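Every letter in the sequence shown is one number past the one before it in my numbering, and letter 128, counting from 1, is 259. Take a look at the structure below.
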Amino acid sequence: MGGRTAALTYSWTAGSGVTSTPIVRPSAMRSWTERLLTPLYPGIPRIDIETDVDNRAKDRRLRVHFATGIRAGRSQAEQHFGVVSRPIGVPEHDDTWFETPVATYPQKSFVDISDGQRGFMLTNRGLPEYEAIEEADGTITIALTLLRCIEWLSRDDLSTRRGHAGPGMHTPGAQMLGRWKFQYSLIPHEGGWETAFAEAHRFLRPLRAVRTSRGDGTLPESGSLVEIEPPEVILSALKLAEDGDGVVARVYNIASEPVGARVRLLRPFERVERVDLNEENPDPIESEDSAVRFQLKPNEIATLKFR
């Protein structure tokens with residue numbers, strides 16, 4: 132059964148850029164145009180959004196805000212091989228700090244707000260900056276940065292920092308003028324982030340359909356090239372071994388607790404070894420029914436070499 136698509140198009144005006152003094156903007160105005168497309172599919176527990184922006188203004192940050200309606204003291208954001216928990220807001224500070232702390236943080240592919248009973252996850256494709264904002268009523272709004280438009284790689288006249296943060300290089304291309312497309316998805320859920328991250332990964336890596344001709348192969352009508360349990364164990368690489376002898380599967384434990392992992396290949400193999408990231412220092416592992424079992428510490432990476 133097919134879905135429907137909701138569309139919203141709107142325009143607004145903004146100053147065209149800053150002068151030599153960052154906080155003073157010229158009177159010239161430029162128009163922005165933005166179009167949101169939201170396909171709605173039955174049976175999928177998320178709302179995918181595609182945003183098209185025609186940016187004609189300089190020195191701007193463009194963000195989308197989502198009011199979660201949830202009270203929480205921390206945000207949970209995916210990082211490399213794990214999830215990091217951060218407090219909402221910035222730490223207490225005074226004017227002796229060299230830099231004023233900011234409330235924006237990086238995330239790999241999703242950020243989540245949860246009170247333990249219900250949660251709101253925002254996932255995206257290639258948009259790493261977010262901010263969790265506490266509103267006056269105590270609920271949290273998630274802000275996702277779409278565009279950060281600048282003229283200089285670094286400036287030494289900002290009120291939030293003393294001196295440069297890098298070379299004062301002229302970067303007019305970083306004004307990000309023109310048309311841009313952004314993709315992100317909203318995932319309301321029960322419980323914590325652990326109940327929703329698999330759906331976020333499905334958004335990031337959707338199925339690809341390939342049409343082929345009939346062959347004489349011996350594969351079953353259905354099956355997975357590799358099966359992994361439990362859901363907290365994530366596949367990050369499946370490739371031929373660097374030495375050409377075997378197949379390498381790399382997994383990691385995204386959870387903050389130890390887990391028992393099980394990895395099974397569709398094809399049988401003679402032996403399997405646990406190797407390091409350079410695919411060296413092999414340590415044999417026992418297998419049964421084309422599957423191996425092993426323990427993973429929180430955020431631990433395991434590289435398996437099947438021969």
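Beta carbons are placed, not taken as given, at the ideal position from N, Cα and C, and that holds for glycine. All values derive from a computational prediction rather than experimental measurement.
Simplified DSSP assignment, three categories, for residue i
{"i": "Gln207", "result": "strand"}
{"i": "Glu358", "result": "strand"}
{"i": "Glu388", "result": "coil"}
{"i": "Glu410", "result": "coil"}
{"i": "His224", "result": "coil"}
{"i": "Pro415", "result": "strand"}
{"i": "Thr326", "result": "helix"}
{"i": "Gly213", "result": "strand"}
{"i": "Ala340", "result": "coil"}
{"i": "Arg398", "result": "coil"}
{"i": "Arg135", "result": "strand"}
{"i": "Leu427", "result": "strand"}
{"i": "Leu366", "result": "strand"}
{"i": "Ala372", "result": "coil"}
{"i": "Arg381", "result": "strand"}
{"i": "Arg202", "result": "coil"}
{"i": "Leu335", "result": "helix"}
Short Cβ contact (7 Å threshold) for residue i with residue j
{"i": "Ser240", "j": "Glu209", "result": "yes"}
{"i": "Val403", "j": "Val423", "result": "yes"}
{"i": "Ile219", "j": "Gly200", "result": "no"}
{"i": "Leu427", "j": "Ala392", "result": "yes"}
{"i": "Val195", "j": "Glu165", "result": "no"}
{"i": "Thr272", "j": "Glu260", "result": "no"}
{"i": "Ala138", "j": "Leu168", "result": "yes"}
{"i": "Ala327", "j": "His320", "result": "yes"}
{"i": "Gly294", "j": "Asp287", "result": "yes"}
{"i": "Asp178", "j": "Leu317", "result": "Note on identity: in this sequence residue 178 is Ile, with Asp being the wrong assignment. Against a cut-off of 7 Å, the Cβ pair of Leu317 and Ile178 comes out as a contact."}
{"i": "Leu338", "j": "Leu397", "result": "no"}
{"i": "Arg381", "j": "Glu358", "result": "no"}
{"i": "Ala234", "j": "Glu262", "result": "yes"}
{"i": "Thr343", "j": "Thr291", "result": "no"}
{"i": "Val341", "j": "Pro361", "result": "no"}
{"i": "Arg202", "j": "Thr136", "result": "no"}
{"i": "Glu373", "j": "Glu419", "result": "no"}
Candidates the options, of which the one nearest residue i by Cα
{"i": "Glu181", "options": "Phe334, Gln207 and Thr199", "result": "Phe334"}
{"i": "Leu350", "options": "Pro399, Thr140 and Ile175", "result": "Pro399"}
{"i": "Arg192", "options": "Arg279, Asp268, Gly174 and Ala305", "result": "Arg279"}
{"i": "Glu401", "options": "Trp228, Leu408 and Val378", "result": "Val378"}
{"i": "Thr254", "options": "Leu435, His332 and Gly348", "result": "His332"}
{"i": "Gln306", "options": "Leu284, Leu317 and Gly294", "result": "Leu284"}
{"i": "Phe212", "options": "Asp190, Glu223, Ile318 and Ser367", "result": "Ser367"}
{"i": "Trp143", "options": "Arg187, Tyr236, Gly299 and Ile175", "result": "Arg187"}
{"i": "Pro413", "options": "Lys436, Gly304 and Glu265", "result": "Lys436"}
{"i": "Thr302", "options": "Gln238, Asp190, Ile264 and Glu282", "result": "Glu282"}
{"i": "Gly174", "options": "Gly134, Ile365 and His224", "result": "Gly134"}
{"i": "Leu308", "options": "Asn430, Asp190 and Pro176", "result": "Asp190"}
Exposure of residue i, with buried meaning 16 or more beta-carbon neighbours within 10 Å
{"i": "Met252", "result": "buried"}
{"i": "Glu388", "result": "exposed"}
{"i": "Tyr383", "result": "buried"}
{"i": "Val214", "result": "buried"}
{"i": "Ala267", "result": "exposed"}
{"i": "Gln248", "result": "exposed"}
{"i": "Lys312", "result": "exposed"}
{"i": "Gly250", "result": "buried"}
{"i": "Leu408", "result": "exposed"}
{"i": "Glu363", "result": "buried"}
{"i": "Trp221", "result": "This sequence places Val at residue 221; Trp is not what is there. Classification of Val221: exposed, given that the 10 Å Cβ count is below 16."}
{"i": "Thr434", "result": "buried"}
{"i": "Thr150", "result": "Summary for Thr150: the model assigns pLDDT 49, below 50, so the residue's position carries little reliability; its value from the coordinates is reported in the next sentence. Looking at its Cβ environment, which holds fewer than 16 other Cβ atoms inside 10 Å, Thr150 is exposed."}
{"i": "Ser216", "result": "exposed"}
{"i": "Trp324", "result": "buried"}
{"i": "Ala198", "result": "exposed"}
{"i": "Asp376", "result": "exposed"}
Residues that residue i bridges to, as DSSP identifies them
{"i": "Asp243", "result": "Gln207 and Met252"}
{"i": "Ile219", "result": "Paired residue(s): none; Ile219 is not in a bridge."}
{"i": "Pro319", "result": "Phe251"}
{"i": "Arg166", "result": "Thr140 and Asp183"}
{"i": "Leu275", "result": "Val195 and Tyr261"}
{"i": "His301", "result": "Trp283"}
{"i": "Thr235", "result": "Glu262"}
{"i": "Glu230", "result": "Arg292"}
{"i": "Glu404", "result": "Pro415 and Lys436"}
{"i": "Gly348", "result": "Its beta-bridge partners do not exist; DSSP assigns none."}
{"i": "Phe313", "result": "Thr182"}
{"i": "Leu171", "result": "Arg135"}
{"i": "Arg393", "result": "Glu360 and Arg424"}
Test: residue i CB closer than 7 Å to a CB of chain B
{"i": "Glu373", "result": "Any reference to chain B falls outside this structure, which holds one protein chain only."}
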